[in-house]
Every structure is written in C-alpha cells, then in structure tokens.
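Undergrad:
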Amino acid sequence: MIIDVRGRLVSWSSASTCGFNGTRRGATFVAQIVATNVIRTIIDKVCNEQKS
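Read in our numbering, the sequence shown has 795 at position 39, and its numbers run on one by one without any break.
If you want it as structure tokens, here you go:
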C-alpha cells in the first residue's frame, strides 16, 4: 500500500490480486512481484497525468 503525504491511498496490491494463493503467498519472490505491480501502477498514473 502506498499513501501520499496527506495520508490518501495512492496504490495497493496483494499476493491474491497478483494471482497467488495458498502457501505460495508468503514466498519472497511474491513480495517482489507485488511491489513491482504497485510501482508500475504508480508510474502509469503519473504518465497518464502528464499526458492530460
């Protein structure tokens, strides 16, 4: 979960939303995938805001 300086939610992700379930959700590589997913979402939002 990423929040801005005002405490508003910017982006979030979880192992479940990335398609992982069961014991695999606790794996280290899943944390990397979730973090990458959040970062990509933020980059896409920033790029779309700059285009507008």
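By construction, the Cβ of each residue, glycine as well, lies at the ideal position given by its N, Cα and C atoms.
Model, not experiment: these values are computed from the prediction.
Hey, could you find the ends of the beta strand (DSSP E) V766 is sitting in?
TA: L765 to S767
Undergrad: Smallest Cα separation from D800: which of A787, V766 and S772?
TA: V766
Undergrad: Over the uninterrupted alpha helix (DSSP H) stretch that includes N793, give me the two end residues.
TA: T784 to K807
Undergrad: Considering only C-alpha positions, which residue in the set R764, G775, R762 and N804 is nearest to F790?
TA: Position check: residue 790 holds Val in this sequence, whereas Phe was assumed. Of R764, G775, R762 and N804, the residue nearest in Cα terms is G775.
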